[in-house]
Each structure stands twice: as C-alpha cells, then as structure tokens.
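Chemist: Just so it is clear: in the sequence shown, position 353 is 353 by UniProt numbering, and no numbers are missing.
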Amino acid sequence: MKKNVLLLSLVTIQTLIFADVESLGEIEVVSTNKTKQKASQSTSNIDVITSEEIRQNGYTSIVDALSNTLGINISQNGGIGQKSSFFLRGMDSGKILVLVDGMRLNDPSTTNSTSMIEFLPISNVEQIEVIRGGSSSVWGANASAGVINIITKEALKGGVTGSVGINGGSHQTKGSDVSLFYKNGKLNTRLLGSIFDTNGISALAPQKSEKDGYNSKNLTAGIGYDFTDTTKASIALIKTKTKGDYDDEYNSNGANDDYSNFVTDSTNISGTISTKVGLVDSVFNVTRGNYKREYFATSLWGDGDNRYEATTNEYSLINSYAHKFGKSVLGFEYKEIDGFNQYNTYAPTDGSFINRGIFLSNSINPIDKLLIEANLRYDDFDKFDGKVTYKLGAKYNILDNASFRANYYTSLNAPSVYQLAKTLSGNILKPSFVNGYDMSLSYKDFVTLTYFDNKIKDDIVYDYTNWGYYNNSADENIKGLELAFSTMNIYDNFRVRANYTHLIDMKDTSGTPLYNRTKDEINGWLEYFYDENTIASLNAQYIGERYSPFSYPASPMTSGNYTVWNLNLTKKYNDDIDVGLHLKNLFDKEYQSIYNYNSEGRSIYADVRYKF
Numbered sequence: 001m002k003k004n005v006l007l008l009s010l011v012t013i014q015t016l017i018f019a020d021v022e023s024l025g026e027i028e029v030v031s032t033n034k035t036k037q038k039a040s041q042s043t044s045n046i047d048v049i050t051s052e053e054i055r056q057n058g059y060t061s062i063v064d065a066l067s068n069t070l071g072i073n074i075s076q077n078g079g080i081g082q083k084s085s086f087f088l089r090g091m092d093s094g095k096i097l098v099l100v101d102g103m104r105l106n107d108p109s110t111t112n113s114t115s116m117i118e119f120l121p122i123s124n125v126e127q128i129e130v131i132r133g134g135s136s137s138v139w140g141a142n143a144s145a146g147v148i149n150i151i152t153k154e155a156l157k158g159g160v161t162g163s164v165g166i167n168g169g170s171h172q173t174k175g176s177d178v179s180l181f182y183k184n185g186k187l188n189t190r191l192l193g194s195i196f197d198t199n200g201i202s203a204l205a206p207q208k209s210e211k212d213g214y215n216s217k218n219l220t221a222g223i224g225y226d227f228t229d230t231t232k233a234s235i236a237l238i239k240t241k242t243k244g245d246y247d248d249e250y251n252s253n254g255a256n257d258d259y260s261n262f263v264t265d266s267t268n269i270s271g272t273i274s275t276k277v278g279l280v281d282s283v284f285n286v287t288r289g290n291y292k293r294e295y296f297a298t299s300l301w302g303d304g305d306n307r308y309e310a311t312t313n314e315y316s317l318i319n320s321y322a323h324k325f326g327k328s329v330l331g332f333e334y335k336e337i338d339g340f341n342q343y344n345t346y347a348p349t350d351g352s353f354i355n356r357g358i359f360l361s362n363s364i365n366p367i368d369k370l371l372i373e374a375n376l377r378y379d380d381f382d383k384f385d386g387k388v389t390y391k392l393g394a395k396y397n398i399l400d401n402a403s404f405r406a407n408y409y410t411s412l413n414a415p416s417v418y419q420l421a422k423t424l425s426g427n428i429l430k431p432s433f434v435n436g437y438d439m440s441l442s443y444k445d446f447v448t449l450t451y452f453d454n455k456i457k458d459d460i461v462y463d464y465t466n467w468g469y470y471n472n473s474a475d476e477n478i479k480g481l482e483l484a485f486s487t488m489n490i491y492d493n494f495r496v497r498a499n500y501t502h503l504i505d506m507k508d509t510s511g512t513p514l515y516n517r518t519k520d521e522i523n524g525w526l527e528y529f530y531d532e533n534t535i536a537s538l539n540a541q542y543i544g545e546r547y548s549p550f551s552y553p554a555s556p557m558t559s560g561n562y563t564v565w566n567l568n569l570t571k572k573y574n575d576d577i578d579v580g581l582h583l584k585n586l587f588d589k590e591y592q593s594i595y596n597y598n599s600e601g602r603s604i605y606a607d608v609r610y611k612f
C-alpha cells in the first residue's frame with residue numbers, strides 16, 4: 001500500500017511509485033503482536049489503508065474502504081447504515097476481530113459477535129490495518145480469519161491543530177466533522193466529532209420504493225500525559241449513536257414498510273498506563289464496552305420490539321522485550337462478557353462467560369534473510385473447556401526484492417452471548433476451532449500471490465427449522481488464492497493497481513455450501529496524477545456469484561455477477577484545503593449484494609476539508 005507521495009514533485013512520480021511499493025514494510029502496525037512494530041517484522045499478510053488513500057478513492061464509509069481490500073468481501077442489506085455482512089478469506093464477521101485504537105468493537109449481543117462496522121465514521125481514521133490469517137494465538141477468541149485495527153487521528157505536531165469537513169450529495173445526504181488536537185510538552189489531547197444524515201434508498205427491492213434513512217453521531221476523545229520519558233498514561237472514549245429505518249421482509253408492506261426502524265447506542269472507554277523498566281516495556285490496559293440496540297417492526301405476527309444489550313470488561317498486561325535477535329511479548333488478559341435480548345414483553349434470555357488468557361509471542365532473525373515468528377496462547381473459560389492456540393511462521397528473503405512466507409496457525413471462536421441465549425434445545429454450545437495455513441510469494445510488495453487453506457471444526461450455525469444454534473458436526477473447509485498488484489507504472493503519470501480473490505472451495509464435509517461468500521472478486525484502480533495536488537482515479541469492482549440462504553424456509557438464491565465503476569477526483573489547495581468529487585456506480589448498474597436487497601444506483605458526492 002502507499003504512503004503520502006502527493007507533496008513531492010511530479011518529476012519524481014515514476015521513481016516514487018516503485019519506492020512507495022517497498023515502503024509498506026516500514027509502516028508501523030500494532031495488530032500483529034499487540035505492540036508497535038514495522039510490518040516487515042511479521043510473517044503475517046498485512047494490508048494498510050492510509051487516510052490519504054481513503055481521500056483519494058472517495059471512500060464514504062469504512063464499509064467502502066474494506067470492500068476493496070484484498071481477501072475481504074462485504075454485502076449489505078440496502079444502502080448506507082443498513083446491516084452488513086463481511087467475510088475475510090471466506091470466514092464470516094464473527095471470526096474477524098475489529099479494533100479501534102486497540103479497543104475491541106465486536107458486539108457480543110449480535111448473532112455472531114460481529115462488529116457493526118456500518119456505524120463507524122471514516123472521517124477520523126488515520127489508517128486501517130488488515131491482518132489476514134488466524135490470529136487467536138495473540139488476540140484470543142474470534143480472530144480466526146484475521147484482525148482489522150482502525151487507528152484514529154492524533155496530533156502530529158505541537159500546539160493547536162485540527163480540521164473541519166463537510167460533505168453531501170445524492171439521496172439528500174449531508175454530513176460534517178471536526179477534529180481538534182492540542183499537544184504541548186507532556187500533555188496531548190484530542191476531540192473528534194461527526195454527524196451524518198441521509199434519506200437513503202429502499203432497503204428491499206424494488207428500488208423505487210419507500211426510502212430507508214439513516215442518521216449517526218460519533219464522538220472520539222482522548223487525553224494523554226507523559227509523567228516521565230518512560231511512564232505515560234492515557235484515557236480514550238468512543239461514543240456512537242445511530243438511528244435509521246429498515247425493511248422487515250416479514251412485513252406485509254414489503255419494500256414499502258414505513259414503520260420498521262432501529263436505534264443503537266455504544267460506548268467504549270479505555271485507560272492505559274505504560275512504563276519501561278530496563279529493557280522491558282509494560283502496558284496495562286482496562287477497557288469497558290456497552291452496547292445497546294433496539295429494533296421496532298410490524299410484521300405478519302404483529303408489532304415487535306427487539307432489545308439487545310451487552311457489556312464487556314477487559315483487563316490486560318502486555319510486556320515486551322526487544323533484543324538483538326528480535327522481540328518477545330508476554331501477555332495476560334481477563335475478560336467478562338455479559339448480555340441479554342428480549343422480544344416484546346416476553347421473559348428476556350441471557351448469556352455470559354468469563355475468559356482468561358495468557359500468550360507468548362516471539363519474532364526472531366536468526367540470520368539476516370530469515371524471520372521466524374512463534375506464538376503460543378492458552379484460553380480458559382468458565383463455561384467451556386480451555387483451548388491452546390498457536391502459530392508458527394517464517395519469512396525468507398530469497399533475493400533482495402523477493403520473499404517467501406508461510407504460516408501455520410490454530411484459532412478459536414467463542415459463542416456470542418446471543419448464541420448462548422438462543423441455543424437449540426438439548427445442545428450445549430462450545431467454541432469452534434480452526435486449523436489453517438497460508439503461503440505467499442512476493443516481489444517488492446509489488447506483486448504477491450497467496451494460497452490459504454482453513455478447516456473449521458464445530459462451527460456454530462443456526463437451525464432455521466427449530467430456531468436455535470448448535471455446533472455443526474460436519475467440518476467446513478475454505479481455501480483460496482489471493483493475487484495483488486500493489487502498484488504498476490504504465491505510462492508517465494498513470495498508475496494501475498489491482499487485487500483478485502478466488503475461493504477454490506467453501507463448503508462443509510456434507511457438501512453443503514457456505515452461504516453469502518463470493519467465489520471471485522476483482523478490484524482495480526487506474527489513477528492519473530495531473531500534478532502533485534490533483535489526482536483522478538477510476539475504480540472497478542467485479543463480484544462473482546454468491547448464494548444466499550433466505551427467505552423462509554431457507555432455500556438458496558443466487559446473487560452477484562456484476563461490475564460497478566466509480567470515478568473520483570481530489571485536489572489540494574495550499575496544503576490547507578482538500579476538495580473531493582466522487583461519482584459512484586458510474587453506469588447506474590442495478591445489482592444486489594444480498595438477494596432481494598437493493599444497492600445504491602448512480603450517485604454523486606462532494607466533500608471539502610480545511611486543515612489548521
């Protein structure tokens with residue numbers, strides 16, 4: 001992925017394009033072993049989406065940004081703010097750990113402990129790290145497919161700095177955001193806020209039906225203080241409130257359902273103390289998350305009021321030791337997860353569990369061209385049997401510009417509190433377990449080819465006939481290929497990038513297909529650097545065939561097989577003002593990412609940002 005090249009002269013663009021390809025390894029990430037390190041010092045497959053890339057490509061949401069990332073496929077029940085389903089290497093969102101500044105955002109009150117990424121604002125994002133491959137040996141449960149870590153903006157220089165942005169466009173969409181930073185000596189503070197509102201589109205087909213609007217408000221705040229050069233403390237807060245309309249497919253009005261609506265309220269707060277004693281860096285962190293969602297609907301069975309709530313309390317102590325051969329990390333964690341759901345005035349159902357974990361991570365360079373990574377973790381649960389997970393990886397630089405890497409890993413996925421509350425009668429849920437490996441061959445990070453193979457045992461699935469969750473006795477197997485061309489200079493000031501994900505197999509041992517996965521996905525970009533401040537980009541996304549299991553009774557329906565084109569223009573004025581114009585679905589393609597649900601037609605959006 002690229003770093004900022006726009007402030008350099010146009011004459012050097014061709015040289016910078018290829019230098020930029022090599023720069024991914026120099027970007028610092030924190031999601032591989034819970035400590036900061038260069039991407040090159042991990043055997044994992046890593047992608048980084050920078051804030052500059054977000055602006056340049058006109059991404060209006062985190063869903064937008066992730067949907068174009070290698071290995072990730074996203075489908076949505078309608079337009080902006082509607083429920084999304086996202087997959088990494090064919091594994092569902094309950095197996096993907098989502099973090100914001102290191103805080104877990106997976107909501108245990110959802111059906112599979114997924115993160116509601118459709119509600120997260122993109123205006124305050126500095127970079128998004130995507131780690132592909134099993135990561136439970138460091139992060140514990142629900143990181144079997146990988147980790148998505150969203151890093152928010154912070155002060156880069158002293159004094160008062162910040163920005164103000166406004167945006168708007170089709171479907172009476174409008175939004176604004178402000179960021180304010182103060183950094184002076186030992187003290188640093190930040191305050192970021194955003195509001196967003198849109199009339200949206202009809203969630204259910206046909207397109208020209210009653211619209212389902214969406215509104216969100218977000219506040220991100222933090223304060224940090226350096227007591228000494230080696231002892232620091234900080235507090236961070238993320239608060240998100242949303243409300244919107246949706247179409248209940250059981251409603252007799254169908255796409256013209258003008259009643260069904262939802263409200264959500266989530267709060268995440270963390271406190272951190274870090275210190276260094278000798279050669280050991282230690283970080284103690286306390287995090288609390290509160291999640292509330294309420295859905296109102298009128299259906300064939302009458303009015304419905306569905307409430308979902310969950311609370312998480314997490315404590316961790318991470319100790320890292322950098323030595324001449326690499327880095328060693330020893331971590332201790334304790335989690336309490338509790339939640340309930342209630343339908344109308346019926347008695348609520350609830351679920352809870354406690355998780356204790358300890359892990360050891362080592363990355364070493366025994367010789368100049370070889371990196372070895374070994375992780376070992378034990379998780380103990382009060383409601384389930386304890387599990388050991390591990391990872392063994394190696395990266396070898398075959399030539400100065402070419403490398404081969406391989407990883408073998410095991411991972412686990414704990415049931416969500418929703419699944420515990422909705423367990424099929426006569427069943428006792430237990431964590432599912434993943435064995436997997438991947439192998440990659442790279443040249444300069446310019447082109448990378450990866451093969452992966454994951455086997456899932458005891459996956460937690462839903463019985464649509466008897467209305468409950470159980471562990472699938474049939475093992476599941478997902479394997480595929482990933483191909484990425486990060487950057488290629490084709491003529492003067494033009495640049496092209498592309499990635500391709502192909503799922504070779506995605507079914508269980510009984511032959512039942514895994515639903516909502518896309519067999520083939522291709523993303524491509526053609527970018528034109530008019531000058532150092534003006535960039536135009538044309539993006540195309542091809543989505544292959546996928547099968548959806550619904551409606552009731554469950555029967556597979558086909559969607560997919562479409563290509564969507566987007567055009568973006570961004571310009572900087574005097575380093576203080578950024579302007580963007582974004583034309584989405586250029587050819588007004590009518591398509592469905594989930595069967596019977598609409599996607600946005602041709603739309604145009606604009607944004608302006610002033611930095612100070």
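From the three backbone atoms N, C-alpha and C, an ideal C-beta is built for every residue, glycine too.
1) Any beta carbon of chain D sitting closer than 8 Å to that of tyrosine 591?
2) Between the segment 269 to 286 and the segment 241 to 251, can you find at least three pairs of beta-carbon atoms closer than 8 Å?
3) Among Thr152, Asn344, Lys335 and Val280, which residue has its Cα nearest to the Cα of aspartate 305?
4) Quick check: what's the CA-CA separation for leucine 105 versus phenylalanine 119?
5) Can you give me the start and stop residues for the beta strand (DSSP E) that arginine 89 sits inside?
6) In three-state DSSP terms, what is glutamate 294?
7) Mind checking which residues open and close the alpha helix (DSSP H) that includes arginine 602?
8) If you follow the alpha helix (DSSP H) that alanine 65 is part of, which residue opens it and which one closes it?
9) Below 8 Å between beta carbons: does that hold for serine 234 and glutamine 127?
10) Pull the bridge partners of tyrosine 259 from the DSSP assignment, please.
11) Identify every residue that forms a DSSP beta bridge with glutamine 76.
12) Is the separation between the beta-carbon of tyrosine 378 and that of lysine 391 shorter than 8 Å?
13) Using the three-state DSSP reduction, which class does glutamate 52 fall into: helix, strand or coil?
14) From what residue to what residue does the alpha helix (DSSP H) around tyrosine 443 run?
15) Just curious, the beta strand (DSSP E) that leucine 317 is in, first and last residue?
16) Which term fits glutamine 207, buried or exposed, when burial requires 16 or more other beta carbons within 10 angstroms of its beta carbon?
17) Would DSSP call glutamate 22 helix, strand or coil?
18) Which residue marks the beginning of the alpha helix (DSSP H) containing alanine 421, and which one marks its end?
19) Assuming serine 234 is part of the alpha helix (DSSP H), what are its boundary residues?
20) Select from Ser260, Asp229, Ile354 and Leu514 the residue whose C-alpha is nearest the C-alpha of alanine 203.
21) Reducing DSSP to helix, strand and coil, say where glutamine 172 ends up.
22) Given a threshold of 16 other Cβ atoms within 10 Å of its Cβ, counted over all protein chains shown, does arginine 602 qualify as buried or as exposed?
23) Pairing CB atoms from the segment 381 to 397 with CB atoms from the segment 363 to 372, are three or more of them under 8 Å?
24) Excluding the 5 residues flanking aspartate 257 on each side, which residues of the same chain have their C-beta closer than 6 Å to its C-beta?
25) Roughly how many angstroms lie between the CA atoms of glutamine 56 and serine 123, to the nearest whole one?
26) Once you ignore the five residues that flank phenylalanine 332 on each side, which residues in its own chain have a CB closer than 6 Å to its CB?
27) Please work out which residues of its chain come closer than 6 Å, Cβ to Cβ, to aspartate 92, disregarding the five sequence neighbours upstream and downstream, and give them in chain order.
28) Decide if aspartate 101 is buried, meaning its Cβ has at least 16 other Cβ atoms within 10 Å, or exposed.
29) Whole-angstrom Cβ separation of lysine 457 and serine 432, contact assumed at under 8 Å?
30) Work out the CA separation of serine 363 and histidine 323 for me, nearest whole Å.
31) Out of curiosity, what's the CA-to-CA distance linking glycine 159 and lysine 611?
32) From the DSSP output, read off the bridge partner residues of arginine 132.
33) With 16 other CB atoms within 10 Å as the buried threshold, where does tryptophan 525 fall?
34) Note down, one range per segment and in chain order, each alpha helix (DSSP H) of at least 4 residues found wholly within the segment 157 to 234.
35) Who does aspartate 350 pair with in a DSSP beta bridge?
36) With distances taken from CA atoms, which of Ala484, Ile478 and Val496 is nearest leucine 514?
Modeler: Short version:
1) As a matter of chain content, chain D is missing from the structure shown, which is built from one protein chain.
2) The way I'd put it, the segment 241 to 251 doesn't touch the segment 269 to 286; fewer than three beta-carbon pairs between them come closer than 8 Å.
3) It is Asn344.
4) Straight-line Cα distance between these residues: approximately 11 Å.
5) Premise fails: arginine 89 is in no beta strand (DSSP E) and is neither H nor E.
6) Reduced to three states, the DSSP call for glutamate 294 is strand.
7) Going by DSSP, arginine 602 is part of no alpha helix (DSSP H) at all; its letter is neither H nor E.
8) From DSSP, the alpha helix (DSSP H) with alanine 65 extends over 62 to 67.
9) No.
10) Residue pairing of tyrosine 259 in beta bridges, as defined by DSSP: absent, with no partner found.
11) For glutamine 76, which the question treats as bridged, DSSP gives the partners Ser84.
12) Tyrosine 378 places its beta carbon 8 Å or farther from that of lysine 391.
13) Correct three-state label for glutamate 52: helix.
14) Counting along the chain, tyrosine 443 sits inside no alpha helix (DSSP H); it lies in the beta strand (DSSP E) bounded by residues 432 to 443.
15) 302 to 323 is the extent of the beta strand (DSSP E) around leucine 317.
16) Residue environment for glutamine 207: exposed (fewer than 16 other C-beta atoms within 10 angstroms of its C-beta).
17) Caution is warranted here: a pLDDT of 39 is assigned to glutamate 22, below 50, making its placement in the model unreliable, and the coordinate value is therefore given only provisionally. DSSP places glutamate 22 in the helix class (H, G or I) of the three-state scheme.
18) Run containing alanine 421: 417 to 421, per the alpha helix (DSSP H) assignment.
19) Not the alpha helix (DSSP H): serine 234 falls in the beta strand (DSSP E), residues 231 to 245.
20) Out of Ser260, Asp229, Ile354 and Leu514, Ser260 has the C-alpha closest to the C-alpha of alanine 203.
21) DSSP places glutamine 172 in coil when its eight states are reduced to three.
22) Counting every other CB atom within 10 Å of its CB across the protein chains shown gives arginine 602 a total below 16, marking it as exposed.
23) Result yes; three or more Cβ-Cβ pairs closer than 8 Å.
24) In the same chain as aspartate 257, and ignoring 5 residues on each side of it, the C-beta atoms closer than 6 Å to its own belong to Asp247, Asp248 and Asn251, in chain order.
25) Taking the straight line from one Cα to the other gives about 13 Å.
26) Once the five neighbours on either side are set aside, the close Cβ partners of phenylalanine 332 are Leu317 and Ile358.
27) Around aspartate 92: no qualifying Cβ.
28) Burial call: buried.
29) Under the criterion of beta carbons closer than 8 Å, lysine 457 and serine 432 qualify as touching, at roughly 6 Å.
30) So the two alpha carbons sit approximately 10 Å from each other.
31) Near 14 Å, if we compare the C-alpha coordinates of lysine 611 and glycine 159.
32) Partner(s): Asn45 and Gly146.
33) Under a 10 Å Cβ-count criterion, tryptophan 525 is classified as buried, with 16 or more other Cβ atoms of the shown protein chains found around its own Cβ.
34) You should have found no qualifying run.
35) Answer by DSSP bridge pairing, in chain order: Phe340.
36) Selected option, being the one with the closest Cα: Ile478.
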